[in-house]
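Going down the list, the protein sequences come from chains A and B. Using the numbering used here, the first residue of the first sequence is number 96, and each one after it goes up by one. Using the numbering used here, the first residue of the second sequence is number 48, and each one after it goes up by one. Even for Gly, the Cβ is constructed at its ideal location relative to N, Cα and C. So the structure is just underneath, and the comments pick up after that.
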Amino acid sequence: MTILRFLFPLLLYSFLGYTQNCDFRFEGQVIDLHDNLPLDKARVYVVETQRELTTNLQGIFVIGNLCDQSYTLLIDHPDCNPLTINISPAFSSEKKFYLEHHINALEEIIITDNKEKSENKTGIERTLSSDEIDRYRSQNFGDAMAQLSGVSKIKTGNNIVKPVIHGVSGSRISIVNNGVRLQDHEWGADHAPSIDISGAKQVQLIKGATALRYGGDAIGGILKISPQKYARIDSLMGVISTGYQDNGRGGFLISNVVKTYQGGSHLGINTSLKKLGDLSSPEYELTNTGNREQNFGLFFGRNTITQEWKIAYSFFNKQVGILSSAHLGTLGDLARAIKSDVPLVRKPFSYTINSPRQTTSHHNITAQYKNQNPGKLHWEMVYSFQSNQRKEFDVRRGQLSDQAALDIQLQSHDFQFDLESKQAGSWKWKAGLTAQIQDNFSDPDTGVRRLIPDYIRSKLGVYSISEYTPSNNFTAELGVRYDYDYLDAQKYYRIDDWISRGYDAKYQSTIISTTPNSNYLTEQIKKYGNFSGSFGLKQYLGNEIFAFLNLGLITRSPNPSELFSDGLHHALATIERGELSLTQEQAFKRLLSIEKKNGFFKFALSAYMTDIKDYIFLLPTGVDATRSISAIVSEYQQAPKVNMRGFDADLSIQFSDQLSYKAAAAWVEVEEEDGTPLIDIPPFNFSHSLVFKQTKKTPLEILLTSNHVSKQNRYPEVNFEYNFFENGVIKTELIDVSTPPDAYHILGLEVGTQLFNRIDTRVVIDNLTNVTYRNYLNRLRYFAAETGRSIRVEFTYLF
Amino acid sequence: MKIQSKEPILMHWFKSITVILLIIITTNCDKQPPEEINEEEVINRVTLVLSDDTNQSETITWNLGENSPTINLSPNSTYQATVSFYDATDPTDIDNITTEVINESDEHFVFYEVATAAMSIASASNDIIDTQGIGINIKTQWTTSSASQGTLRIYLIHEPSSKTGSTRSALGGASDVELDFPIIIQ
Chain A
96 MTILRFLFPL
106 LLYSFLGYTQ
116 NCDFRFEGQV
126 IDLHDNLPLD
136 KARVYVVETQ
146 RELTTNLQGI
156 FVIGNLCDQS
166 YTLLIDHPDC
176 NPLTINISPA
186 FSSEKKFYLE
196 HHINALEEII
206 ITDNKEKSEN
216 KTGIERTLSS
226 DEIDRYRSQN
236 FGDAMAQLSG
246 VSKIKTGNNI
256 VKPVIHGVSG
266 SRISIVNNGV
276 RLQDHEWGAD
286 HAPSIDISGA
296 KQVQLIKGAT
306 ALRYGGDAIG
316 GILKISPQKY
326 ARIDSLMGVI
336 STGYQDNGRG
346 GFLISNVVKT
356 YQGGSHLGIN
366 TSLKKLGDLS
376 SPEYELTNTG
386 NREQNFGLFF
396 GRNTITQEWK
406 IAYSFFNKQV
416 GILSSAHLGT
426 LGDLARAIKS
436 DVPLVRKPFS
446 YTINSPRQTT
456 SHHNITAQYK
466 NQNPGKLHWE
476 MVYSFQSNQR
486 KEFDVRRGQL
496 SDQAALDIQL
506 QSHDFQFDLE
516 SKQAGSWKWK
526 AGLTAQIQDN
536 FSDPDTGVRR
546 LIPDYIRSKL
556 GVYSISEYTP
566 SNNFTAELGV
576 RYDYDYLDAQ
586 KYYRIDDWIS
596 RGYDAKYQST
606 IISTTPNSNY
616 LTEQIKKYGN
626 FSGSFGLKQY
636 LGNEIFAFLN
646 LGLITRSPNP
656 SELFSDGLHH
666 ALATIERGEL
676 SLTQEQAFKR
686 LLSIEKKNGF
696 FKFALSAYMT
706 DIKDYIFLLP
716 TGVDATRSIS
726 AIVSEYQQAP
736 KVNMRGFDAD
746 LSIQFSDQLS
756 YKAAAAWVEV
766 EEEDGTPLID
776 IPPFNFSHSL
786 VFKQTKKTPL
796 EILLTSNHVS
806 KQNRYPEVNF
816 EYNFFENGVI
826 KTELIDVSTP
836 PDAYHILGLE
846 VGTQLFNRID
856 TRVVIDNLTN
866 VTYRNYLNRL
876 RYFAAETGRS
886 IRVEFTYLF
Chain B
48 MKIQSKEPIL
58 MHWFKSITVI
68 LLIIITTNCD
78 KQPPEEINEE
88 EVINRVTLVL
98 SDDTNQSETI
108 TWNLGENSPT
118 INLSPNSTYQ
128 ATVSFYDATD
138 PTDIDNITTE
148 VINESDEHFV
158 FYEVATAAMS
168 IASASNDIID
178 TQGIGINIKT
188 QWTTSSASQG
198 TLRIYLIHEP
208 SSKTGSTRSA
218 LGGASDVELD
228 FPIIIQ
């Protein structure tokens, strides 16, 4: 490792007096440059006397019996760049030494005492390490996130997967990628976040709502995806990874290359290509479930010790086929599909993606600057521009076949400024400001009424978080945040709809004009002021166990899809309708956690309770049979009060150097005040894995995983009746769209080794026993079973 | 060890961000109202033209939002029936969607189901034939027997996976139209 010289003598204590020749005493303190915290177990080597010492918990070392001469000290810490320094005890007897502790921050394993990585000190965090991310490199974002306890996934088929945290998803969780909140996934379960995790280095799940820095509306929690940081060395590093999967008969090619310089500059390129054809369940092909993904990223930055800046561009592009048999025209089609045990459309394997299909492209440009001068205020600025385009293609006639039925473009500009005090002492604070402007455009060429209208939204937020740490055993944290949310939408309403929904009295003033086609053009301006707050405590209980208490008050304004949705979701024969009169929802979340992060036996337990006032949800309200196609009508509504409670548990045991065991369980229950359970709540799940890992001689890793998902027994009844024609008579049957599927248990096996000493090779078998099962949180569960056994072979070359 | 002056960078950042934000705000403020969308391919009118042996013809029309009218037939008769689908959103410019259905005969199929009424429906000799030689039931022949009553259901199926099945499930595809008409044979 290159030896760098970083010395910032801040305090030069006074000369203590001249005594005997070799009776000088020198006291030093080794401090982490970035957060001003003392570094213990740093090695201090006195070259002249060949003495070696280590620092204590306060980072202090004392050398006695020094003579009146100059000495050379080598200061070294396992996580830092070493430091060489000359001292003259005759002139100064105390000194602080600042070591750059960065390298530690960057090697991602969850290390104990990893102070600077936590987003907030009193919140419980789960981390997906780079190892685990690598394992899911070729998979989609939602599937990878579901590896974290407390995270499940809501899906539309197998390619559109979005994370659910503590029973909520969409706008109730926030996904922060590279310092910026992702703006694209708030439009219902069939819109997945556009993130490629192959370039990520770490994912943190912050449970509870205490990370106010990224917004005050995340009731579920925050998923923070961080890129790798680079050491200040001259190097070319990277990874090339490729693989093949038998289920879907496709594969991926990922390459990340970074050039770093000793001066701290770095330049990198990420590319990833993925292609899969039709997947298959154990018994049949899942026609039209292929997908393609092309991602590209470019970044350039410089990381000096006191400053950091970075400019990054990324492009995410995905084409996804939607299961053919999920394409429905009418409620009758839905009834027949549910009645049939197998999908009604089954064709031989193909790579072709036909309609219905989705294409998403997401551009993101981010520029950030960080200033972290020791002993001063640290500050950071981020500007980001995101452009998200989403097209959905339905099965249409004639010239419209190639015309998207939904075409929305959402552009967001985000600016964030953060200030953080880094003084030593028991009080610390953070404060910041966020500003956002969003412009949504729905292309009228679709020939279909806009699901989401054109709108402009601006948000301005300020937050402040104070932290009090009187000792290593206790931390208290208090945060407040205020957001002003302004939304201006222009939307056409059919006059008959407008009247039947009772808008004519209340919203008459919003009408701009009446069109010849019996529509009102209206302008809807919504303003919300949202106050959020958090309070957290962390207490050391002894035996490496910490307890955390979190209280969060979260206010979320209704999003445009909740206010304005207006359209037919073909996949579910559902007409979704927004509601203009929605107000903010307000949640009060209480989270209690106990965690032991060290030792051969580690665990984390969290229990939470959330009361949500005016909870916004989509409720099927009836069947619209007046159309040539009858459909279920679902309307956004507010429940006066919703109660959520749940727990997450993690446990891991390291039996020996080679053998370890991990288990995670999560349970959540959500109901309205009168006891009516809410729809689409993840059932209890329990997963565990046994890992055998041998690093010496030939590296070998064997991982056996088991995942049990129970049947959700608490669900609302939203069934409907349908008249079947059977042998010349009408038979009315109740169509059960409510009862969740049965419990299931799936196994997975993974074997990894290294070929030719350079190439990491891994064979992954998902759904090892080829179980046929259906998933309650898959919106397409009525039509087909989940994918069957899948064998994947991956080769990764690191350099 | 080198400590750079931060001021220029800071100022530069503030300036550029202010400029960017100003541009965005000013460009967004004079937004045009969104274009009104003319919904296409909406089927909101279905007609059945029935002519009996004496070439007397009757037109039965369903419009969106209305109850389906009753179809009255005589016992032991044959009728020639032609079904048509329209987009009548704009009354001055009614779009006949049947033309597109006929142009894409391979991707379409009209399917009838009858409950309790004593009658049968088959593709007529002058029906539209797809490239596989299958009549797509735009033109059908209805044969009634005894006096009875029941329900007739018409489906317009888009992209059926088969055109030879005898139940709706066996045909696959998505229903663009699924309409019930009461039938009285007397």
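Alpha carbons only, please: which of the options is nearest the one belonging to residue i?
i: R539 (chain A); options: A:L501, A:Q242, A:T217; result: For clarity, residue 539 (chain A) is Pro in the given sequence; the question names Arg instead. If we check each option's Cα against that of P539 (chain A), A:L501 comes out closest.
i: S244 (chain A); options: A:A744, A:F626, A:I268; result: A:A744
i: P138 (chain B); options: A:S613, A:S521, A:G372; result: A:S613
i: E768 (chain A); options: A:V737, A:G274, A:G310; result: A:V737
i: L307 (chain A); options: A:E657, A:N181, A:K708, A:L528; result: A:L528
i: G219 (chain B); options: A:G542, A:K692, A:K806, A:T425; result: A:T425
i: S266 (chain A); options: A:Y839, A:V543, A:G159, A:Y710; result: A:Y710
i: N625 (chain A); options: A:A682, A:Q585, A:F659; result: A:A682
i: T678 (chain A); options: A:V765, A:L663, A:P655, A:K692; result: A:P655
i: V859 (chain A); options: A:K791, A:D229, A:S660; result: A:D229
i: G212 (chain B); options: B:Y159, B:F228, B:L199, B:V96; result: B:Y159
i: E515 (chain A); options: A:K465, A:H508, A:R492; result: A:K465
i: T222 (chain A); options: A:N235, A:V246, A:Q234; result: A:V246
i: L494 (chain A); options: A:E475, A:Q619, A:G542; result: Per the sequence presented here, residue 494 (chain A) reads as Gln, with Leu not at that position. The shortest Cα separation from Q494 (chain A) among A:E475, A:Q619, A:G542 belongs to A:G542.
Just the chain A side, please: which residues come within less than 7 Å of residue i by C-beta, in chain order?
i: G219 (chain B); result: L439, V440
i: S216 (chain B); result: R431, S435, L439
Give the residues of chain B in contact with residue i, contact being defined as C-beta atoms less than 9 Å apart.
i: T610 (chain A); result: E83
i: H473 (chain A); result: Those do not exist, as H473 (chain A) stays about 12 Å from chain B at its closest Cβ, beyond 9 Å.
i: N820 (chain A); result: It is worth fixing the name first, because residue 820 (chain A) is Phe in this sequence and not Asn. By Cβ distance, chain B contributes E160, V161, A162, T198, R200, T214, R215.
i: L616 (chain A); result: P80, P81, E83
i: I349 (chain A); result: Those within 9 Å of I349 (chain A) in chain B number zero; the least Cβ separation is about 33 Å.
i: A587 (chain A); result: Before going further, note that residue 587 (chain A) is Tyr rather than Ala in the sequence given. Here the neighbours are P81, E83, I84.
What are the residues that DSSP puts in a beta bridge with residue i?
i: E764 (chain A); result: A:R740
i: Q498 (chain A); result: Partner(s): none; Q498 (chain A) has no beta bridge.
i: R387 (chain A); result: A:K370, A:Q414
i: G527 (chain A); result: A:D513, A:Y558
i: D134 (chain B); result: B:D142
Going along chain B, which residues have a C-beta under 8 Å from residue i?
i: T605 (chain A); result: In chain order: nothing, as chain B lies at least about 13 Å away.
i: D580 (chain A); result: Within 8 Å Cβ-Cβ: nothing; D580 (chain A) doesn't reach chain B, min ~16 Å.
Can you pull the chain C residues whose beta carbon is under 8 Å from the beta carbon of residue i, in chain order?
i: N398 (chain A); result: The displayed structure is made up of protein chains A and B, and chain C is not among them.
Who are the neighbours of residue i on chain A, taking C-beta pairs under 8 Å?
i: N150 (chain B); result: G493
i: D137 (chain B); result: N612
i: S131 (chain B); result: Correct list: empty, because the minimum Cβ distance to chain A is about 13 Å.
i: E124 (chain B); result: The sequence as given places Ser at residue 124 (chain B); Glu does not occur at that position. Result: empty, since nearest Cβ-Cβ is about 19 Å, beyond 8 Å.
Can you name the residues of chain B whose CB is closer than 7 Å to the CB of residue i?
i: L423 (chain A); result: A221
Is residue i near the ligand MN, with its Cβ less than 6 Å from a heavy atom?
i: V148 (chain B); result: Questions concerning the ligand MN fall outside what the structure shown contains, since it holds no ligand whatsoever.
Taking Cβ-Cβ distances shorter than 9 Å, what residues in chain A pair up with residue i?
i: S193 (chain B); result: Here the premise fails: no neighbours, minimum Cβ distance about 13 Å.
i: S167 (chain B); result: Simply none; closest approach about 10 Å.
i: E298 (chain B); result: There is simply no residue 298 (chain B) to check, as chain B begins at 48 and stops at 233 in what is shown.
Margin query: Does the contact criterion of 3 or more C-beta pairs under 8 Å hold for the region 180-197 of chain B versus the region 846-861 of chain A?
Written below: no
Item checked: the region 338-348 of chain A touching the region 310-330 of chain A, judged by at least three CB pairs closer than 8 Å -> no
Margin query: If we require 4 or more residues per run, which alpha helix (DSSP H) segments fall completely within the region 213-282 of chain A?
Written below: 225-230, 236-240
Item checked: Secondary structure, beta strand (DSSP E): runs of 3+ residues fully inside the region 626-700 of chain A -> 640-651, 661-664, 669-672, 680-691
Note to self: Is it the case that the region 389-397 of chain A contacts the region 353-366 of chain A, given that we only count it when at least three CB pairs across the two stretches are under 8 Å?
What the structure shows: The region 353-366 of chain A is in contact with the region 389-397 of chain A.
Notebook entry, point to check: Fully enclosed by the region 439-523 of chain A, which beta strand (DSSP E) runs are 3 residues long or longer?
Noted result: Counting whole runs of 3 or more residues, the region 439-523 of chain A contains the beta strand (DSSP E) stretches 452-466, 473-488, 501-515.
Notebook entry, point to check: Is it a yes or a no for the region 409-420 of chain A touching the region 434-441 of chain A, going by three-plus beta-carbon pairs under 8 Å?
Noted result: yes
Next item on the list: Determine contact between the region 776-788 of chain A and the region 373-392 of chain A, defined as no fewer than three beta-carbon pairs at a distance below 8 Å.
Entry: no
Checklist line | Entirely enclosed alpha helix (DSSP H) segments - the region 575-621 of chain A, minimum 4 residues | finding: 590-595, 598-601
Check: Are there three or more Cβ pairs, one per stretch, closer than 8 Å when the region 726-733 of chain A is compared with the region 689-700 of chain A?
Finding: The way I'd put it, the region 726-733 of chain A doesn't touch the region 689-700 of chain A; fewer than three beta-carbon pairs between them come closer than 8 Å.
Check: If you scan the region 152-203 of chain B from start to end, which runs of the alpha helix (DSSP H) of 4 or more residues do you find wholly inside it?
Finding: Counting only runs of at least 4 residues, the region 152-203 of chain B fully encloses no alpha helix (DSSP H) element at all.
Next item on the list: Give a yes or no on contact between the region 594-601 of chain A and the region 560-569 of chain A, applying the rule of three or more CB pairs nearer than 8 Å.
Entry: At 8 Å Cβ cutoff, the stretches do not touch.
Checklist line | Touch test, the region 579-589 of chain A against the region 649-663 of chain A, Cβ-Cβ under 8 Å, three pairs minimum | finding: yes
Check: Taking the runs of the beta strand (DSSP E) that are 3 residues or longer, which of them lie wholly in the region 141-187 of chain A?
Finding: 146-149, 155-161, 166-171, 178-182
Next item on the list: Only counting runs of 3 or more residues, tell me where the beta strand (DSSP E) segments fall wholly within the region 739-822 of chain A, in order along the chain.
Entry: 754-767, 780-789, 795-804, 815-821
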